[in-house]
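Just so we're aligned, residue 0 is where the sequence shown starts under numbering that gives the first Met the number 0, counting upward by one. See structure below.
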Amino acid sequence: MSEVLPPRVLFLHGLSGHPSRFEGVAGRLPARFPSVAPQVAWEEGHSLKELAGRLAAELRADGRTAVLVASGNAAYLALEVARRARPCVRG
Numbered sequence: 000m001s002e003v004l005p006p007r008v009l010f011l012h013g014l015s016g017h018p019s020r021f022e023g024v025a026g027r028l029p030a031r032f033p034s035v036a037p038q039v040a041w042e043e044g045h046s047l048k049e050l051a052g053r054l055a056a057e058l059r060a061d062g063r064t065a066v067l068v069a070s071g072n073a074a075y076l077a078l079e080v081a082r083r084a085r086p087c088v089r090g
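And the structure:
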């Protein structure tokens with residue numbers, strides 16, 4: 000029987016945000032929940048759908064489920080990622 004891994008917590012920042020804004024809350028997570036706060040390439044002119052497509056593909060390739068945490072307009076990004084990678088998103 001294979002071991003089920005706990006979900007990864009994926010923090011997504013909004014347009015004026017930065018991944019470092021999540022350091023405080025990420026530091027409070029139990030060690031069994033790994034977290035990542037990528038630099039979202041808002042300023043590179045990518046559309047929300049392009050950004051969501053990339054993140055969804057990364058989630059599917061990772062093989063681990065994720066819980067998405069978003070600030071500001073990144074909530075729209077999180078919803079689109081969840082729609083595209085539904086089996087990979089736990090919350």
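Note that beta-carbon positions come from the ideal geometry of N, C-alpha and C, so glycine has one too. From a predicted model like this one, the values you see are computed outputs, not experimental measurements.
Asked: Other residues of its chain near Phe10: CB distance less than 6 Å, five sequence neighbours each side excluded; Found: Phe21, Ala36, Val68
Asked: Best match in Asn72, Leu14, Arg53, Gly71 for proximity to Ala105 [C-alpha to C-alpha]; Found: Since the first and last residues shown for the chain are 0 and 90, residue 105 lies out of range.
Asked: Proximity below 8 Å, CB of Val80 to CB of Leu58; Found: yes
Asked: Neighbourhood of Met0 by C-beta, 7 Å cutoff - its chain only, sequence neighbours within 5 removed; Found: Because the pLDDT of Met0 is 48, which lies under 50, any placement of that residue in the model is unreliable, and the question is left without a value.
Asked: From Ala30, Val8, Leu47, residue whose alpha carbon lies closest to that of Leu76; Found: Leu47
Asked: Assigned secondary structure, Leu47 (DSSP; H/G/I helix, E/B strand, else coil); Found: helix
Asked: Reference Phe29, options Pro6, Gly62, Leu78, Arg89, closest by Cα; Found: Note that residue 29 is Pro in the sequence shown, not Phe. Checking every option, the nearest Cα to that of Pro29 belongs to Pro6.
Asked: From Phe32, His45, Ser70, residue whose alpha carbon lies closest to that of Arg89; Found: Phe32
Asked: Close Cβ partners of Ala51 (< 7 Å) along its chain, the five nearest in sequence each way excluded; Found: Leu76, Glu79, Val80, Arg83
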